[in-house]
Amino acid sequence: MLELEKAKRTKQSGVSFDEISLIMKIGILENTLEYINEFEKNMLHEKFERELELYTSFYVKDK
1 MLELEKAKRT
11 KQSGVSFDEI
21 SLIMKIGILE
31 NTLEYINEFE
41 KNMLHEKFER
51 ELELYTSFYV
61 KDK
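In this text, residue positions in the sequence shown follow the numbering used here: the first is 1, and each later residue adds one.
Okay, structure coming up:
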């Protein structure tokens, strides 16, 4: 339902600042819910390990 409302609002011409603000708030709420779901499924540590591995492969140079 949130996706439908976002799509409807973004397709309208002349989107106002208030509508853009609302779309951003909806996105923040969706990301928060996704984070909570990952936390409940104990997936955050795995995600951290993957991100750490990517970080070290890109930014840490071999000595």
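Note that CB positions come from ideal geometry on N, CA and C, so glycine has one too.
A quick note: this is a predicted structure, and the numbers were derived from the prediction, not measured.
- Shown here, Lys41 sits in coil according to DSSP, grouped into three states, outside any helix or strand.
- The C-alpha of Ala7 is placed about 12 Å away from the C-alpha of Ile20.
- Glu40 and Tyr59 have their alpha carbons spaced roughly 31 Å apart.
- DSSP places Ser57 in the helix class (H, G or I) of the three-state scheme.
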